[in-house]
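Input: a single structure, listed below in structure tokens.
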Amino acid sequence: MAKELMTVTEGETQVQVVAFKLRKEEYGFNILNVKEIKGLTDITRVPFASDFIKGVINLRGSVLPVIDLKKRLGLQDMEYTDDTRIVVVREDDLEVGMIVDAVTGVITLNGEHIDAAKSVDNENSRFITGVGKVEEERLIILLNLEAIIGLQDEIK
Amino acid sequence: MDTNQYMEMFLEESREHLQSLNDGLLALENDPEEVSVVNDIFRNAHTIKGMSATMGFTKIAELTHDMENVFDLLRKEQMKVNDDIMDTLFKTIDSLEQMIESVGAGGPEDVVDITSFASKLSALASGKSISEAEPAPAAAAPAPAAPAATSIEYSDTDKDVISEAANSGMRVYHIKVTLSSSCVLKSARSYMVMNALDQLGEVVKSVPSAEDLEQEKFENSFDVVVVTDAEMKAVEEAMLAISEVDSADITDAAEEIKASEAAPAAAPAAEAAPAAEAAAPAANVPVPAAPAAPAAKPVAAPPAKKPAADAKKLKSGQSVRVDIEKLDTLMNLMGELVINKVRLEQIGTTHRLTELTETLEQMDRVTTDLQTVVMKVRMVPVGQVFNRFPRMVRDLAKELGKELNLTIEGEETELDRTVIDEIGDPIMHLLRNSLDHGLEHPDDREAKGKPRIGEVGLIARHEGNNVVIMVTDDGKGIDADVIRRKAVEKGMISEDEANSLDDADAVRLIFLPGFSTAEKITDVSGRGVGMDVVRSKIETLGGHVDVETKIDEGSVFKIKLPLTLAIIQALLVKVQEEMYAIPLGSIDSTINITQEDIKTVRNKEVIVLRGQIIPIIRLGDMLNVPRVHETDSDDIFVVVVHIGERKAGIVVDNLIGQQEIVIKTLGKLLAGLKVISGATVLGDGRVAMILDVSALM
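Just so you know, the sequences run in chain order A and B.
Residue numbers for the first sequence follow my numbering, so the first one is 94 and each next one is one higher.
Residue numbers for the second sequence follow my numbering, so the first one is 356 and each next one is one higher.
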């Protein structure tokens, strides 16, 4: 996954991410994985689904599962606001929506400004591929989409 | 030559030819006298050989060539069919299949050691052959023999056309076009030849016919008679300009007719030779006639069976191969259309727009028709799945030392493609089960006074809106007491529970996970992963499986499947604020009851409906639906559903109505959910879950 994140442009490694907010922190998905961003719509609960799966939505006629990203990352729940968005991401041929508190923009990170995940050490480290630094104060936590969708482990 | 672009075609066609070979050999094994079958399969083998050689798969070509030699001896009746030969041939086909699949997957060709087969085949070929030198060249070079077959036969009308054309100053040429032996797309080349000739003049006749050319029913050359005002040279150049055309021998047809009329005996004689060979093969006709046989075959009168087969092939020739994905897209678009139609209907009803509603009624008819057509397009005959079983059953019977007769019925019954793709494994398992556990050994059967040869049936037929596939056997049946005992032994149910089950229900225990009654574990079945896998597979397809059995009379496994999986009729129900869809196919009735009607039996809620005790499932509790508001408890809606003979009442808050719904899968992330079989998009754009009734009960 880490190498996938890197795009080589003119000898310099750069990566573009779609940045969004979960509570107070800023996170990011590689822009290549992001298909679209849409506003909140009716979410239908799916009985017996894993607890981090919020439900499904109707995305132009097809049924799209939606993950409650805060719950997945063990963050505290928050009321939906006007800024709440569903980021539709794609990994392999699997499409999933992610509920985020707000989308903050597309950010280009330089390779040298990304710290590998091991510097962040907590129970959620498997969801994180690294931390990118923009300007002085702004940190963006880069997420490991494969682990978040979690097809390989806990589902089933 | 870059053969990659042909790989797909090679694989597809090879598989088809291998299937024909399998079918042909089975037919031959059943009726060893039917040598005409060999003629057909010889051609299959020949095509595989040609194709694989072109693709550069020499090993496959070699092995096919060796097999071809054996076929050649068989069809000339220089060798009699026996078990040894059949086994070797079957095994050879298996090896070919493995090799072809291996190259298809980009692997090496020689996944199988072919030397043993090759030597066995050539031993068969040389050992039994009457004239040892003859068969090889005959098989290897049927094409070069073709040019020897001379002029074509002109009917009286042909002659009239030709002489008329000649009188009006046009030229009539008889062109013999020979394609290169490595040509893969013979029909395409012949089409190009025809096209080119059409531009030069008018094609008045072709041997074989244009249809046969299209079907590739010719070896490497064909004859065309064309009326044109072009020079012979120009025609020849035009022919040779087409790639893979080796030669074009052009003669003046008018001259030919004159010549043939002058010596009328000559042509018919040439024609008669192969016919005589076919008519009296046992007489061992002089050698020269034999090699000409394959080339002359389209002309030589085929045995009575042939026309039927040809007619079948012609029909399939009028169809078009379509990428499965395109059909899926079509189906999805159809689904969208239905969703939007329903949405418009709702708008019409809410706003009381009569004009809109009327127009929609028209549109409804069109979409219904369209939907039927789209469904039909996706339908595939179950024969596609069934045709691989005779071979498997034969091998298995030999392995198990059992004798049986497999009857297949209703191969033409059609099912949705998605179902067809999935149904093969469950049926295979049921067949294995019947052979392994159902049928007794021939000696045991005799001791019971049954015929030695068991009967196994694989039957498909329509039953209402469903397709029923049955696997039947006349074996020993399933002993309900044995099943009860085993289930208790394995701790699946308590002794009391076991005794309270009637025989039919006890037998159904075999569909529970982890159940296997086989005394010893065999390679075939009995690893305890059998029937429950069959059941869950069938259920994911929206069908269900049941069994009827009688001791010593046999068992019938009955799979019931919906015709299609994509669009179904469903009843929409509401529980608190959530909507669910229940497939109409499993609904018995809906009833309105009060709290007093619900009784408790052994801590389970039941109702009595027309004298029958039916368990109650409260959907809201079952699915943990969040409580938003209290329901007024006096009026209770119950949807009575059934799976087979079993019934249950589902308690819901409200009935919304019956609707056509498009089934959407929930995708990988939500795969394997209990109780939910899919989702659908409702007219208002919201998503509703579809209940899996069989899992609820």
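Where is the CB? At the ideal position from N, CA and C, for every residue including glycine.
Close Cβ partners of residue i (< 8 Å) along its chain, the five nearest in sequence each way excluded
i          : result
Ala-473/B  : Glu-417, Leu-418 and Asp-421
Val-199/A  : Gln-109, Val-110, Val-111, Ala-112 and Ile-124
Gln-1013/B : Gln-924, Ala-925, Leu-926, Leu-927 and Leu-939
Phe-220/A  : Arg-165, Leu-166, Leu-236, Asn-237, Ala-240 and Ile-241
Lys-475/B  : Thr-443
Val-139/A  : Ile-146, Gly-148, Val-149 and Pro-158
Which listed residue (the options) has its alpha carbon closest to that of residue i
i          : options                                       : result
Glu-205/A  : Val-224/A, Thr-197/A, Gly-198/A and Lys-131/A : Val-224/A
Glu-182/A  : Thr-201/A, Leu-162/A and Tyr-173/A            : Here residue 182/A turns out to be Val, not Glu, going by the sequence shown. When only C-alpha atoms are compared, the closest one is Leu-162/A.
Pro-387/B  : Asp-439/B, Val-1042/B and Asn-399/B           : Asp-439/B
Ile-838/B  : Glu-850/B, Val-823/B and Ala-861/B            : Ala-861/B
Ser-155/A  : Asn-788/B, Ile-694/B and Glu-566/B            : Ile-694/B
Met-783/B  : Pro-745/B, Ile-922/B, Tyr-935/B and Val-823/B : Pro-745/B
Arg-1041/B : Gly-765/B, Glu-933/B and Met-594/B            : Glu-933/B
Thr-583/B  : Thr-727/B, Met-525/B and Ser-536/B            : Met-525/B
Glu-432/B  : Val-590/B, Gly-462/B, Asn-394/B and Glu-464/B : Asn-394/B
Asn-550/B  : Ser-477/B, Ala-521/B, Gly-738/B and Ala-596/B : Ala-596/B
Leu-168/A  : Ile-207/A, Asn-203/A, Leu-152/A and Glu-118/A : Glu-118/A
Tyr-935/B  : Gly-975/B, Val-961/B, Ser-944/B and Ile-968/B : Gly-975/B
Gly-556/B  : Glu-569/B, Thr-533/B, Ala-593/B and Asp-567/B : Ala-593/B
Gly-1052/B : Ile-972/B, Asn-947/B, Met-689/B and Lys-514/B : The sequence given here has Met at residue 1052/B, not Gly. Nearest option by C-alpha distance: Ile-972/B.
Thr-904/B  : Val-980/B, Leu-896/B, Gly-830/B and Glu-371/B : Gly-830/B
Own chain, CB closer than 6 Å to residue i, minus 5 neighbours either side, in chain order
i         : result
Val-516/B : Val-559
Ser-763/B : Here residue 763/B is Ile; the residue named in the question, Ser, does not match the sequence. So the list reads Phe-741 and Leu-813, once near-sequence residues are dropped.
Arg-698/B : Gly-1038
Own chain partners of residue i with C-beta closer than 7 Å, once the 5 adjacent residues on each side are dropped
i         : result
Glu-367/B : none
Leu-785/B : Val-826, Val-889 and Phe-912
Leu-867/B : Met-847 and Asp-887
Lys-128/A : Val-181, Val-182, Arg-183 and Glu-188
Glu-452/B : Leu-373
Asp-834/B : Ile-906
Alpha-carbon to alpha-carbon, residue j and residue i
i          : j          : result
Thr-1020/B : Asp-683/B  : 13 Å
Glu-229/A  : Gly-1027/B : 47 Å
Leu-236/A  : Ile-1005/B : 43 Å
Lys-164/A  : Lys-757/B  : 59 Å
Asp-175/A  : Arg-1001/B : 50 Å
Lys-731/B  : Ile-893/B  : 21 Å
Leu-964/B  : Thr-955/B  : 14 Å
Arg-430/B  : Ser-391/B  : 7 Å
Thr-1035/B : Ser-218/A  : 37 Å
Ala-495/B  : Tyr-546/B  : With a pLDDT of only 37 at Ala-495/B, under 50, the local geometry of the prediction cannot be trusted, and no value is derived from it.
Below-8 Å beta-carbon distance, residue i vs any chain B residue
i         : result
Asp-135/A : yes
Arg-178/A : no
Leu-166/A : no
Ile-241/A : no
Ser-218/A : no
Ala-142/A : yes
Arg-138/A : yes
Chain A within 8 Å of residue i, Cβ atoms only
i          : result
Val-884/B  : Because the pLDDT at Val-884/B is just 49, under 50, the model does not fix this residue reliably, and the value given afterwards should be weighed accordingly. Cβ-Cβ to chain A under 8 Å: no for Val-884/B.
Pro-662/B  : With a pLDDT of only 41 at Pro-662/B, under the threshold of 50, the placement of this residue in the model should not be trusted; the figure read from the coordinates follows. No, Pro-662/B lies away from the interface with chain A (no Cβ there is under 8 Å from its Cβ).
Met-1044/B : yes
Asn-979/B  : yes
Lys-929/B  : no
Lys-1023/B : yes
Val-1007/B : no
Val-458/B  : no
Val-996/B  : no
Ala-842/B  : no
Val-729/B  : no
Val-1036/B : yes
Arg-1041/B : yes
Where residue i sits in the DSSP three-state scheme
i          : result
Gln-433/B  : coil
Val-590/B  : helix
Gln-570/B  : coil
Ala-1026/B : coil
Ser-477/B  : helix
Asp-901/B  : strand
Leu-856/B  : coil
Proximity test, Cβ basis, 8 Å: residue i and chain E
i         : result
Ile-146/A : Reference to chain E is not applicable here, since the protein chains of this structure are A and B.
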